[in-house]
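Colleague:
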Amino acid sequence: MTVSTDSDAVAEAAASVNGNRPTRSRRTLLLVIAALLVGTVLGVGIGVVVPHLRTPGDNSVEAGFLRDMSTHHAQAVEMSMIAHEKSADPQIVYLANDIALTQHGQIGYMQAWLRDWHLSPTSSEQPMAWMPDSEGSVVNGLMPGMATPEQLTALRKATGKDLDTQYLTLMRQHHLGGIHMAQEAVKLSDNDDVTWLAGTMVKSQQNEIALIDDLLKKVQAS
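According to full-length UniProt numbering, the sequence shown is numbered sequentially starting from 1.
Below, the structure is given as structure tokens:
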């Protein structure tokens, strides 16, 4: 189908509603309106298309960070549930509950974004591959700050003061590793959602480390 590009034809067709041939000024006004309508349509089209063009890819910093941090968070939730169930210290129970709920919620955000981007929640690449100069960050398959299987086994068996000390010590180490990863994501990503979430992680975990240090002093002095 051929579309007319005769600007006078557009103006005259619009003016024919009143049965009058348009004057030069009216033709100019109608052309401006037509141009605005075309611009609006194009703008809507671009608004629909561009977000998809900007969606992070499978090998992007954003996808790598969300996948790795979901795994990292999952261990924090696991350790916190152990402490929440077994600790007799109300402050530690409260802290463990807060960490578990917060990080479980953040996992929900991260997995939802990966689904929205039509990406797998897991990757075939090595952990931390999204971070430049990350050689040595992964030890025995574990990302920075993560507890070893032996440490997790010991935590599950521990009771009393030993449980509290192990949990707080492991969680402090875990937070330090998570903060490092989140700070890198803030630095490397240009996705507003990802940098917002990573920045939130940095602030909340830094605050929790200060609380953990106070609780460790109290437990060790008891």
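By construction, the Cβ of each residue, glycine as well, lies at the ideal position given by its N, Cα and C atoms.
Given the structure is predicted, the values throughout are model-derived calculations rather than measurements.
Quick one: what does DSSP say residue 225 is sitting in, helix, strand or coil?
Modeller: Absent from the model: residue 225. The displayed extent of the chain is 1 to 222, so no value can be given.
Colleague: How is V139 classed by DSSP in three states: helix, strand or coil?
Modeller: V139: strand per DSSP, three-state reduction.
Colleague: If you drop the 5 nearest sequence neighbours on each side, which residues of the same chain put their C-beta closer than 6 Å to that of S137?
Modeller: Hits under 6 Å: M128 and P144.
Colleague: Less than 7 Å between C-beta atoms, sequence neighbours within five positions excluded: which residues of the same chain meet that for P56?
Modeller: Around P56: E62, A63, W117 and N191.
Colleague: When the Cβ atoms of the segment 159 to 168 are set against those of the segment 67 to 86, are three or more pairs found closer than 8 Å?
Modeller: Output reads yes: the segment 67 to 86 touches the segment 159 to 168.
Colleague: Within 10 Å of its beta-carbon, does Q205 have 16 or more other beta-carbons around it, so buried, or fewer, so exposed?
Modeller: It is buried - the Cβ of Q205 has at least 16 other Cβ atoms within 10 Å.
Colleague: Alpha carbon to alpha carbon, how far is S87 from R54?
Modeller: The alpha-carbon atoms of S87 and R54 are separated by roughly 46 Å.
Colleague: Comparing C-alpha positions only, which one of R172, D58, Q106 and V93 sits nearest to A74?
Modeller: Minimum Cα distance to A74 is reached at Q106.
Colleague: Quick check: what's the CA-CA separation for L176 versus L114?
Modeller: C-alpha separation (whole angstroms): 25 Å.
Colleague: Return the chain-ordered list of same chain residues with a C-beta closer than 7 Å to the C-beta of Q151, the five sequence neighbours on each side being excluded.
Modeller: Around Q151: L170.
Colleague: According to DSSP, simplified to helix, strand and coil, what is D89?
Modeller: Three-state DSSP puts D89 in coil, outside helix and strand.
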